[in-house]
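In this text, residue positions in the sequence shown follow the UniProt record's numbering: the first is 1, and each later residue adds one.
Comments concern the structure below.
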Amino acid sequence: MVSLLEEILLSMRNVQKTYKSNGVRALDGVSLDIYAGEMNVLLGENAAGKTTLMKIIAGIERADGGKMFINGRDYSPANPTEAIRTGIGLVSQKLKVIPQLTIAENLLLGMDISGFGRKQSRKSIEEAIQKFGMGIEPHVRVEDLSVVQRQKVEILRVLIRSPELIIFDEPTAILPDCDRKELMDIIARLKESGKTVIFITHKLPEAYRIADRISIMAKGRITGTFRKGEVTEGMLRTLVAGEDLAIAGFRDRKSTDTGEVLRVESLQVEGRYRGLMAVKNVSFVSRVGEILVITGISGNGQEELLESLFGMRRVLSGSVHLYDTDITGWTPADLRKIGVAALIGDRDTIASCAGLSIMDNVVLNRVRERFFLKERPLRTWTRELLSSYGVEYSSLDDLAGTLSGGNLQKTILAREISGNPHLILLSEPTRGLDVKHAEMVHRTLLSLKQNLSIVLFTGDLDEAISIADRILIMYDGEIVVDLPNTGEIGRSMLNRYLQGTAEVKNK
Numbered sequence: 001m002v003s004l005l006e007e008i009l010l011s012m013r014n015v016q017k018t019y020k021s022n023g024v025r026a027l028d029g030v031s032l033d034i035y036a037g038e039m040n041v042l043l044g045e046n047a048a049g050k051t052t053l054m055k056i057i058a059g060i061e062r063a064d065g066g067k068m069f070i071n072g073r074d075y076s077p078a079n080p081t082e083a084i085r086t087g088i089g090l091v092s093q094k095l096k097v098i099p100q101l102t103i104a105e106n107l108l109l110g111m112d113i114s115g116f117g118r119k120q121s122r123k124s125i126e127e128a129i130q131k132f133g134m135g136i137e138p139h140v141r142v143e144d145l146s147v148v149q150r151q152k153v154e155i156l157r158v159l160i161r162s163p164e165l166i167i168f169d170e171p172t173a174i175l176p177d178c179d180r181k182e183l184m185d186i187i188a189r190l191k192e193s194g195k196t197v198i199f200i201t202h203k204l205p206e207a208y209r210i211a212d213r214i215s216i217m218a219k220g221r222i223t224g225t226f227r228k229g230e231v232t233e234g235m236l237r238t239l240v241a242g243e244d245l246a247i248a249g250f251r252d253r254k255s256t257d258t259g260e261v262l263r264v265e266s267l268q269v270e271g272r273y274r275g276l277m278a279v280k281n282v283s284f285v286s287r288v289g290e291i292l293v294i295t296g297i298s299g300n301g302q303e304e305l306l307e308s309l310f311g312m313r314r315v316l317s318g319s320v321h322l323y324d325t326d327i328t329g330w331t332p333a334d335l336r337k338i339g340v341a342a343l344i345g346d347r348d349t350i351a352s353c354a355g356l357s358i359m360d361n362v363v364l365n366r367v368r369e370r371f372f373l374k375e376r377p378l379r380t381w382t383r384e385l386l387s388s389y390g391v392e393y394s395s396l397d398d399l400a401g402t403l404s405g406g407n408l409q410k411t412i413l414a415r416e417i418s419g420n421p422h423l424i425l426l427s428e429p430t431r432g433l434d435v436k437h438a439e440m441v442h443r444t445l446l447s448l449k450q451n452l453s454i455v456l457f458t459g460d461l462d463e464a465i466s467i468a469d470r471i472l473i474m475y476d477g478e479i480v481v482d483l484p485n486t487g488e489i490g491r492s493m494l495n496r497y498l499q500g501t502a503e504v505k506n507k
């Protein structure tokens, strides 16, 4: 419900930002009002300037021009500390937790705990974890957590400071449906308690469901702001993408089944804690011409299964075969040589190197294998590849860390698919992508599958339904449901399986 007293908490007027390192004009005169106590949703294509604008509000970056006001007073934070003291918190799309520290230590970083003893600090943290229903243990090291659990720690770091304005920059991008609902429940409670929220997302159904107001951003400008009742979800899709897209309607469900590519038999994989089994006796087959989707509530072994298939986690027993070759325990480097490609784990720390150039991130493996290739042809090839995936950047020599989240995701995906693999292992391939480019990725995968096999791990049920030939559901480390996607599967059906997997398992 829209506030009756429409009190403006944060006002931005003609905010501008140009990055001197590459000349990119990220913000071109943004003017936007954020209303107190409301859910303010910000939509836009990748590289529209959404994250840059949020960083300026949060004091991470400085604007080149324009004005900001908080409760009518000038607001120009010199650093994040000033923003936090003003009552602003940012949950970034890039995880900033420190892996070597425990959850509790990460939560205490930057907080004034003078006068608090260890027991009192720990009690406060445990109360916060319980209050927000995070389901994590404060003594556990972050390096032992899944990506989803690390995201929860990142969110809790902000909430524990009780800000008045909370910015969520694509917080649900890596979360499966069950965890996404959990987060949305937390955000709903924040709004009910009088907090003001800015929520950035590419998921249009999610945006339309939670929003009081929706603003559209394109090429560094706000192109429109609407109350929820003034637009339909279909109108939003057109406004954001610039065209009318029908993501779920394009799928050709005919599969050219011409034989097995990957065979997994009785696989058992150790979890993140010694002695605990994450994957238990898992067996399945993927074929040429097939997109096999594996989904489930987070923490049921999907991540460990994927890592074991790509040689990143030790297999305790069982086997993995690519065609007739036993590849159990092979290293990622050896697997790449025989035609296995993978997009696995956090895109900022595992799937890319922020300190290397965009070009190096794309061609490093290719150069290692074909060191005699000259730079000019490589640069031409890289530019053409990135262009075909709609990656927006200023120079191939820019650091990969300067790319927006969506453009980095497209860069990694382009790199992995470019090597003509036999098998592609994917984890959340459309994470952080806007509607147009998510559809582009889906179309690419559907065209590629005719000559190879794709195993795709996702917690997005809409994506699973849209693209899968078969859907496997994991529960407690086991495959409990194997569903052919005949076109009759819907979200409600999958949710029933997800919520009732214990019963299915025992049948």
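Ideal placement from N, C-alpha and C gives every residue a C-beta, glycine not left out.
If you're wondering where the values come from, they're calculated on a predicted model, not measured in any experiment.
Residue i versus the options, residue with shortest Cα-Cα distance
{"i": "P421", "options": "Q450, D434, T52", "result": "Q450"}
{"i": "E304", "options": "A351, D74, V279", "result": "V279"}
{"i": "I88", "options": "V197, A63, K152", "result": "V197"}
{"i": "T328", "options": "D334, S319, P171, R336", "result": "S319"}
{"i": "L9", "options": "V480, N71, T18, Y19", "result": "N71"}
{"i": "Y389", "options": "D397, S395, P377, S418", "result": "S418"}
{"i": "E170", "options": "L156, K94, L356", "result": "K94"}
{"i": "D64", "options": "I34, D28, L107, K17", "result": "K17"}
{"i": "F284", "options": "T81, G29, V455", "result": "V455"}
{"i": "R221", "options": "G29, S11, Y19, V24", "result": "G29"}
{"i": "K426", "options": "D397, L403, G459, D398", "result": "Looking at the sequence provided, one finds Leu at residue 426 rather than Lys. Cα-wise, what sits closest to L426 is G459."}
{"i": "R85", "options": "Y35, A58, N281, N407", "result": "A58"}
{"i": "I473", "options": "A354, Q302, R13", "result": "Q302"}
{"i": "L399", "options": "M277, M359, D179, R383", "result": "M359"}
{"i": "S286", "options": "M277, I424, V153", "result": "I424"}
{"i": "G477", "options": "D346, S395, I103, S308", "result": "S308"}
{"i": "residue 545", "options": "E270, T81, E192", "result": "Shown here, the chain extends from 1 to 507; a query on residue 545 therefore has no answer."}
{"i": "D326", "options": "V261, V293, L276", "result": "V261"}
{"i": "L445", "options": "L461, D434, S466, D462", "result": "S466"}
{"i": "L27", "options": "K219, Q100, L239", "result": "K219"}
{"i": "R122", "options": "E105, F132, L32", "result": "E105"}
{"i": "T349", "options": "T382, Q409, R336", "result": "Q409"}
{"i": "G259", "options": "S453, G23, L32, R496", "result": "S453"}
{"i": "G289", "options": "S11, L448, R415", "result": "L448"}
Rounded separation between residue i and residue j - CA only
{"i": "L159", "j": "T411", "result": "32 Å"}
{"i": "K67", "j": "E61", "result": "14 Å"}
{"i": "residue 530", "j": "L413", "result": "The chain is shown from 1 up to 507; residue 530 falls before or after that span and cannot be answered."}
{"i": "Y208", "j": "P484", "result": "31 Å"}
{"i": "I167", "j": "V97", "result": "17 Å"}
{"i": "residue 527", "j": "L386", "result": "Outside the displayed range of the chain (1 to 507) lies residue 527, so it cannot be described from this structure."}
{"i": "E6", "j": "G490", "result": "39 Å"}
{"i": "V147", "j": "E428", "result": "11 Å"}
{"i": "I338", "j": "I344", "result": "18 Å"}
{"i": "L204", "j": "R237", "result": "7 Å"}
{"i": "N361", "j": "P163", "result": "37 Å"}
{"i": "L403", "j": "Y393", "result": "7 Å"}
{"i": "F116", "j": "S266", "result": "Any reading at F116 must be qualified, since the residue scores a pLDDT of 49, below 50, and its modelled position is unreliable; the value itself is stated next. Spanning the two alpha carbons is a distance of roughly 51 Å."}
{"i": "residue 512", "j": "E206", "result": "The question about residue 512 has no answer here: the residues shown for the chain are numbered 1 through 507."}
{"i": "D469", "j": "R73", "result": "56 Å"}
{"i": "R227", "j": "L378", "result": "48 Å"}
{"i": "L316", "j": "V282", "result": "12 Å"}
{"i": "V264", "j": "G401", "result": "36 Å"}
{"i": "Y35", "j": "S395", "result": "38 Å"}
{"i": "Y475", "j": "V153", "result": "23 Å"}
{"i": "K191", "j": "G355", "result": "38 Å"}
{"i": "T225", "j": "V340", "result": "45 Å"}
{"i": "L165", "j": "I103", "result": "24 Å"}
{"i": "L306", "j": "G229", "result": "42 Å"}
{"i": "D334", "j": "R313", "result": "14 Å"}
{"i": "L494", "j": "T430", "result": "20 Å"}
{"i": "V441", "j": "S124", "result": "44 Å"}
{"i": "K374", "j": "D397", "result": "16 Å"}
{"i": "S492", "j": "D462", "result": "11 Å"}
Presumed contact (8 Å Cβ cut-off) between residue i and residue j, rounded CB distance
{"i": "R189", "j": "E38", "result": "That belief does not hold up - the Cβ atoms of R189 and E38 are roughly 15 Å apart, past 8 Å."}
{"i": "A464", "j": "T295", "result": "5 Å"}
{"i": "M184", "j": "L42", "result": "So it is not a contact: roughly 16 Å between Cβ atoms."}
{"i": "L498", "j": "I187", "result": "At roughly 21 Å, the Cβ-Cβ gap does not stay under 8 Å, so L498 and I187 are not in contact."}
{"i": "residue 513", "j": "A342", "result": "No answer is possible for residue 513: it lies beyond the span of the chain, which begins at 1 and ends at 507."}
{"i": "A47", "j": "G406", "result": "7 Å"}
{"i": "F199", "j": "N300", "result": "Wrong, their Cβ atoms sit about 27 Å apart, outside the cutoff."}
{"i": "L156", "j": "F132", "result": "6 Å"}
In chain order, each beta strand (DSSP E) run of at least 3 residues that lies wholly inside the region 403 to 459: 423 to 427, 453 to 457
Given 8 Å, three or more beta-carbon pairs between the region 133 to 140 and the region 167 to 181: no
Any contact of the region 124 to 135 with the region 46 to 56, i.e. 3+ C-beta pairs under 8 Å? no
Within the region 137 to 188, note down every full beta strand (DSSP E) run reaching 3 residues or more, in order along the chain. 165 to 169
Enumerate, from N- to C-terminal direction, the unbroken alpha helix (DSSP H) stretches of 4 or more residues contained entirely within the region 311 to 367. 332 to 337
At what residue ranges does the region 478 to 503 contain a whole run of the beta strand (DSSP E), taking only runs of 3 or more? 478 to 484
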